[in-house]
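Protein chains in written order, with the numbering used here: chain A, 88 to 456; chain B, 88 to 456.
Protein chains: 2
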Amino acid sequence: MYRHGGDIYRNRITADHSVSINPCEWPGELKDRIVSAMRDETLICTYPDVLNEELKDMIATYENTVNELVVCGNGASELISALCNRFRPRKVLLEAPCYCGYERAVKASGGEIVYAYLDEETDYSDHEVICDILTDGKTDHEDIDMVILALPSNPTGNLISADTYARIADICREKGIIIVADECFIELVMSGDDYERTYGQVRYDGLIRLRALTKNYRLPGLRLGYALCDDEKKAEALREILPEWNVSRMATEIGLVCLEYEISCRAGGKIPGYMEESRRYIQAERNRIERTLLDLGLKVCNGAANFILLYSEVGLYKELLKDGILIRDCGDMNGLEPGFYRLSMRDVDGDDALMRSITRAIGQSSITV
Amino acid sequence: MYRHGGDIYRNRITADHSVSINPCEWPGELKDRIVSAMRDETLICTYPDVLNEELKDMIATYENTVNELVVCGNGASELISALCNRFRPRKVLLEAPCYCGYERAVKASGGEIVYAYLDEETDYSDHEVICDILTDGKTDHEDIDMVILALPSNPTGNLISADTYARIADICREKGIIIVADECFIELVMSGDDYERTYGQVRYDGLIRLRALTKNYRLPGLRLGYALCDDEKKAEALREILPEWNVSRMATEIGLVCLEYEISCRAGGKIPGYMEESRRYIQAERNRIERTLLDLGLKVCNGAANFILLYSEVGLYKELLKDGILIRDCGDMNGLEPGFYRLSMRDVDGDDALMRSITRAIGQSSITV
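Laid out in structure tokens, this is it:
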């Protein structure tokens, strides 16, 4: 069954607001470098480095860590699967709602799932329920050996509080539970410095953070993600279960181009990097869209990401498809109910068209979900 | 530890005879189509189809099967890992010598390995020892639940006899053992018709065959392989454990271009397809190289593939590196001993340079392995 955004293959659409990639185009200089790299046929005709050495080094520089703690993947989705297959958790705690790929990966590896239902009252932003479940002493919760969190949460787009996160980490450290923190969207929400100030104290050898160029650098067709481990042994264990040559040569080279560009922007300090420009746009555009949606009387979930979760009694998914616009229907997500939709930002014109379509749907349609 | 061919990343080389990809350049028309497809930026900026529908359909047409029996992978290496993680064999029978990636995947998934040592006397071509092990009644062999074979074998390059293969399949059918047949090089050795005539009768619901465009279509930098199952349930089970969007959009589109080209050549019948041209070249070039190697007094393993296994008392790996030529040192492979090397074919000029380098090494060097 198809359960993701981005299904441009089974819908005739003109604008895809269902996939949450960076809405900003590549800056001119970066685009030139990417296009030039793409034209190199040897990227197709030669094997990638099975050890990903150059890529790991570049990521380590970018992330201010060491190459030994970096594990490269064919998109973050491969790393989620690999984590489940490698560590074979018996029972995994997931937030609800959350990205459906976690459930799929856990089940495929033979694990069970416990859901921590986030409270709609707080716009799903209070994650203390995770601490409660991990410490309630119930037999059913004692064998939880992995927790998967998302920073920011998806589809809600909000960030866990640093205090709650630290408490979860303390409990997990004590109980030997692995935390997988899916940070694929974090760079579109906060800078590296802000991240360090907010979450920098949350570190222990069972924490594995996932990041993806797929989302941040608009490369979903190429597939490139990485895990940042706090423990070298876990990094090596993860590498052992990944297939050889899992990162294509094309993804490797274009990944290098992107990270090198960003590192040089940071070092030069003259122009803002692609990530900083993207964050500025997303923050402003989010405010702009939210105002329109609130003016339309829609319920909008408070968040910070490049996507917005909203509730509407009008069946927006089908209505917007009439205008060739694809959004993510979240009505089938555990922890949500029919009527929830996730909209991803695009450029201003695209978002304006989206707002017009929603306005039309809400004004004219009497179809309810 | 690095244990593969193709390590152009840690050696300064001018010619790589260590990786066994198709030695023939893309035909002009195919090359034009590939280069044109590569220039499409949307292949980077949009998600691949998570269901791989179009690609599965094209592969099914190419392989004369149905889409439901096809599973797409990020190279055959991903499918080998996925098979081990999905079916979690307790004990896997491998030929020795064989490709080292099988051992790695089996061990990472927690399985044990039993080796069927092939006999050097027969140039490792007699695979009856596999039947012997599967039926010898030894306690240690009773829980073998997967057999991995390669057609042709790698690094020997020879083909299992149809009779032996049928006997192995009969035993495996009866005992409920899965056979994974790695056929990544088969298209460079025999046509689809020849394959059907030779091995077509070997079919049962536990047989899973792996194929790769990586090798045949010179796309190792892109990563694209597929599994052909005889049982729809096994195909679905395999898909369930694979990560979402495992095949990049670039690999999907260029894979479609390659297969479409080949299908149209076959249908038109006017020009030989890329595969047929490649087989003709490989057969003639193999004969030519073999004669030179035999004239030099080297021991050459009888085979049919685009690579040649040979034995030399001179340390060829280091000697050839002096000329900037990389070959595969097979001295560390289980079932072989120091002095075995695998040479992959390239174009005539490249192979001539390789022969000159070997002649120099053997004539001048007194270094022994």
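Glycine residues also receive a C-beta, built at the ideal position from the N, C-alpha and C atoms.
Computed from a predicted model, the values in this text were never measured in an experiment.
- Does the Cβ-Cβ distance between L205(A) and A183(A) come in under 8 Å? For the purposes of this step, residue 205(A) is taken as the residue at position 118 of the first sequence. For the purposes of this step, residue 183(A) is taken as the residue at position 96 of the first sequence. Closer than 8 Å, so yes.
- Item | D136(A): contacting residues in chain B (beta-carbon distance under 7 Å) | Numbered from 1 along the first sequence, position 49 holds the residue referred to as residue 136(A). Simply Y96.
- Item | D434(A) to Y348(A) span [Cα, whole Å] | Translated into the one-based positions of the first sequence, residue 434(A) becomes position 347. Translated into the one-based positions of the first sequence, residue 348(A) becomes position 261. Distance between the alpha carbons of D434(A) and Y348(A) is about 22 Å.
- Contact with chain A by M362(B), beta-carbon distance below 8 Å: Counted from its first residue, the second sequence places residue 362(B) at position 275. Taking Cβ atoms only, chain A never reaches closer than 8 Å to M362(B), which makes this a no.
- Give the straight-line distance between the Cα atoms of Y428(B) and V234(B), rounded to the nearest whole angstrom. For the purposes of this step, residue 428(B) is taken as the residue at position 341 of the second sequence. For the purposes of this step, residue 234(B) is taken as the residue at position 147 of the second sequence. Distance between the alpha carbons of Y428(B) and V234(B): 25 Å.
- Task: Under 6 Å Cβ to Cβ from I95(B), same chain only, skipping five residues before and after it: list those, please.
- Result: Locating residue 95(B) in the second sequence gives position 8, where the first residue counts as 1. Once the five neighbours on either side are set aside, the close Cβ partners of I95(B) are D103.
- Query: Using the beta-carbon of each residue, which ones in chain B are nearer than 9 Å to H91(A)?
  - Reply: On the first sequence, position 4 is the one that residue 91(A) refers to. Y134, V137, E331 and W332, listed in chain order.
- Message: In the DSSP output, which residue or residues are listed as bridge partners for L166(A)?
- Response: For the purposes of this step, residue 166(A) is taken as the residue at position 79 of the first sequence. Answer is none; L166(A) lacks a bridge partner.
- Task: Starting from A268(A), follow the beta strand (DSSP E) in both directions and report where the run begins and ends.
- Result: What you label residue 268(A) is simply residue 181 of the first sequence in a count that begins at 1. Note, A268(A): beta strand (DSSP E), I265 to D269.
- Taking 8 Å as the CB-CB limit, is N303(A) close to chain B? Taking the first sequence and counting its residues from 1, one reaches residue 303(A) at position 216. So, not an interface residue.
- Query: Between the Cα of D438(B) and the Cα atoms of N389(B), A256(B) and I369(B), which residue gives the shortest distance?
  - Reply: Working through the second sequence from its first residue, we reach residue 438(B) at position 351. The shortest Cα separation from D438(B) among N389(B), A256(B) and I369(B) belongs to I369(B).
- Query: What are the start and end residues of the beta strand (DSSP E) that includes V234(A)?
  - Reply: As a working mapping, residue 234(A) is identified with position 147 in the first sequence. Here the beta strand (DSSP E) through V234(A) covers I231 to A237.
- Query: Using a C-beta cutoff of 8 Å, does G411(B) count as contacting chain A?
  - Reply: Here the question's residue 411(B) lines up with position 324 in the second sequence. Output row for G411(B): interface = no.
- Message: I'd like to know whether the C-beta of M233(B) is nearer than 8 Å to at least one C-beta of chain A.
- Response: Locating residue 233(B) in the second sequence gives position 146, counting from the first residue. For M233(B), the answer is no, since every Cβ of chain A falls outside 8 Å of its Cβ.
- Query: Cα separation between G360(A) and C111(B)?
  - Reply: Against the first sequence, residue 360(A) aligns to sequence position 273. Against the second sequence, residue 111(B) aligns to sequence position 24. About 43 Å.
- Taking buried to mean at least 16 other C-beta atoms within 10 Å of its own C-beta, is D419(B) buried or exposed? If you number the second sequence from 1, residue 419(B) lands on position 332. Per the 10 Å Cβ criterion, exposed.
- To the nearest angstrom, how far is it from the Cα of L315(A) to the Cα of N389(A)? Here residue 315(A) corresponds to residue number 228 of the first sequence, with the count starting at 1. Here residue 389(A) corresponds to residue number 302 of the first sequence, with the count starting at 1. Near 28 Å, if we compare the C-alpha coordinates of N389(A) and L315(A).
- Message: Would A338(A) pass as an interface residue toward chain B - the criterion being a Cβ-Cβ separation below 8 Å?
- Response: Here residue 338(A) refers to the residue found at position 251 when the first sequence is read from its first residue. Yes, contact with chain B.
- Could you name the residues of chain A that L306(B) contacts, counting a contact when the two beta carbons are closer than 8 Å? Indexing the second sequence from 1 puts residue 306(B) at position 219. The contacting residues are I131 and C132.
- Item | A124(A) (DSSP reduced to helix, strand or coil) | For the purposes of this step, residue 124(A) is taken as residue 37 along the first sequence, with counting starting at 1. Here A124(A) sits in helix by DSSP.
- What does V122(B) touch in chain A if you count any residue whose Cβ is under 9 Å from its own? Position 35 of the second sequence, counting from 1, holds the residue named residue 122(B). Ordered by position in chain A, the residues that pass the 9 Å Cβ test against V122(B) are R126 and E128.
- Item | Cβ-based contacts, 8 Å cut-off: residues of the stretch 142-164 of chain B near chain A | N161, G162 and S164
- May I ask you to report which of helix, strand or coil DSSP gives G312(A)? For this step, residue 312(A) is matched to residue 225 along the first sequence. DSSP places G312(A) in strand when its eight states are reduced to three.
- Hey, is the stretch 286-296 of chain B in contact with the stretch 256-272 of chain B, meaning 3+ C-beta pairs nearer than 8 Å? yes
- Message: Less than 8 Å between the C-beta atoms of Q288(A) and A338(A), yes or no?
- Response: Locating residue 288(A) in the first sequence gives position 201, counting from the first residue. Locating residue 338(A) in the first sequence gives position 251, counting from the first residue. No. Outside cutoff.
- Message: Let me confirm a value: L156(A) is counted as buried when at least 16 other C-beta atoms fall within 10 Å, else exposed. Which label applies?
- Response: Here residue 156(A) refers to the residue found at position 69 of the first sequence. The residue is buried, with at least 16 neighbouring Cβ atoms inside 10 Å.
- Query: Can you find at least 3 beta carbon pairs, one from the stretch 206-225 of chain B and one from the stretch 158-166 of chain B, that sit closer than 8 Å?
  - Reply: no
- Task: Ignoring anything shorter than 3 residues or poking outside the stretch 341-409 of chain B, list the beta strand (DSSP E) runs there in chain order.
- Result: 394-398
- Report the rounded CA-to-CA distance for W332(A) versus R177(B), giving the unit in angstroms. Reading the first sequence from its first residue, position 245 is the one you call residue 332(A). Reading the second sequence from its first residue, position 90 is the one you call residue 177(B). Each residue's Cα considered, the two are about 25 Å apart.
- State the Cα-Cα distance for the pair K357(A) and T133(B), rounded to the nearest angstrom. If you number the first sequence from 1, residue 357(A) lands on position 270. If you number the second sequence from 1, residue 133(B) lands on position 46. Rounded to the nearest angstrom, the two C-alpha atoms are 31 Å apart.
- Message: Taking the alpha carbon of N98(B) as the reference point, which residue from A203(B), K405(B), L181(B) and E215(B) has its own alpha carbon closest?
- Response: Counting from one through the second sequence, the residue named residue 98(B) turns up at place 11. Taking only the C-alpha atoms, the option nearest N98(B) is K405(B).
- Task: Identify, in the order they occur along the chain, each residue of the same chain with its Cβ nearer than 8 Å to the Cβ of A249(B), setting aside the five sequence neighbours on each side.
- Result: For the purposes of this step, residue 249(B) is taken as the residue at position 162 of the second sequence. Hits under 8 Å: T285, Y286, Q288 and V289.
- Query: Taking Cβ positions only, does S168(A) come closer than 8 Å to chain B?
  - Reply: In the first sequence, the residue the question calls residue 168(A) occupies position 81. Yes, S168(A) lies at the interface with chain B (some Cβ there is under 8 Å from its Cβ).
- Between the stretch 194-221 of chain B and chain A, which residues of the former have a C-beta closer than 7 Å to a C-beta of the latter? A195
- Message: Measuring only the C-alpha atoms, how far is A392(B) from E319(B)?
- Response: Here residue 392(B) is taken as the residue at index 305 of the second sequence, counted from 1. Here residue 319(B) is taken as the residue at index 232 of the second sequence, counted from 1. Going from the Cα of A392(B) to the Cα of E319(B) covers about 31 Å.
- Item | Within 8 Å, strictly: CB atoms of L346(B) and L397(B) | On the second sequence, position 259 is the one that residue 346(B) refers to. On the second sequence, position 310 is the one that residue 397(B) refers to. Contact flag unset, no.
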